[in-house]
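Numbering (numbering that gives the first Met the number 0), first residue to last: 0 to 107. Quick notes on the structure that follows.
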Amino acid sequence: MSSIDTRSAFFPRSRSAQAESTKQSGKVDAPQRNSMERATELTEKTATDAKVNIGDGVKDFARIKKAAMSAPEVDNTDKIARLKAQIAAGTYEVDYDGLADKILTSEF
Numbered sequence: 000m001s002s003i004d005t006r007s008a009f010f011p012r013s014r015s016a017q018a019e020s021t022k023q024s025g026k027v028d029a030p031q032r033n034s035m036e037r038a039t040e041l042t043e044k045t046a047t048d049a050k051v052n053i054g055d056g057v058k059d060f061a062r063i064k065k066a067a068m069s070a071p072e073v074d075n076t077d078k079i080a081r082l083k084a085q086i087a088a089g090t091y092e093v094d095y096d097g098l099a100d101k102i103l104t105s106e107f
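Right under this line is the structure:
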């Protein structure tokens, strides 16, 4: 059985196909270009078909994100330190009415 591969390359622009064509002809093939008619046709189709409509929800989200990113950063380190100290001392008391109100407003 022969070790020479006589099958043609499936993908003509693959490296193995280009190496084979270079080996056979001794020159490298230049990439093919579209004709002027085809280039004009592609330009016309992409001018009409390649448009994207961005929905209002996405635009609103982008505006909200921009506003949130430009807002000043809130520093809660004092509040967190105070709450940790209260919890460690055992003096922290939960405001059950306030907690219930926040749960209900977030659910409804």
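Don't be surprised by glycine CBs; every beta carbon is placed ideally from N, CA and C. Note that the structure is predicted; figures quoted are calculated from it, not measured.
May I ask you to report which of helix, strand or coil DSSP gives I53?
Within the sequence shown, numbered from 1, the residue matching residue 53 stands at position 54. Coil, per DSSP.
If I measure Cβ to Cβ from N33 and keep anything under 8 Å in the same chain, skipping five residues before and after, which residues do I get?
The sequence position of residue 33 within the sequence shown is 34, counting from 1. Hits under 8 Å: L41.
Within the same chain, show all residues whose beta-carbon is closer than 6 Å to that of T39, passing over the 5 residues directly before and after it, in chain order.
Position 40 of the sequence shown, counted from the first residue, corresponds to residue 39. Closer than 6 Å at the Cβ level, and outside the excluded window around T39, lies no residue.
If you draw a straight line from the alpha carbon of K50 to that of A67, how long is it in whole angstroms?
Position 51 of the sequence shown holds residue 50. Position 68 of the sequence shown holds residue 67. Their Cα atoms are separated by approximately 29 Å.
DSSP three-state label for A70, please.
One-based indexing of the sequence shown puts residue 70 at position 71. Here A70 sits in coil by DSSP.
At what residues does the alpha helix (DSSP H) containing D96 begin and finish?
If you number the sequence shown from 1, residue 96 lands on position 97. D96 -> alpha helix (DSSP H) spans 95-106.
Could you spell out the range, first to last residue, of the alpha helix (DSSP H) harbouring R37?
On the sequence shown, residue 37 is found 38 positions in, with the first residue counted as 1. Looking at the DSSP string, the run of the alpha helix (DSSP H) that includes R37 is 35-48.
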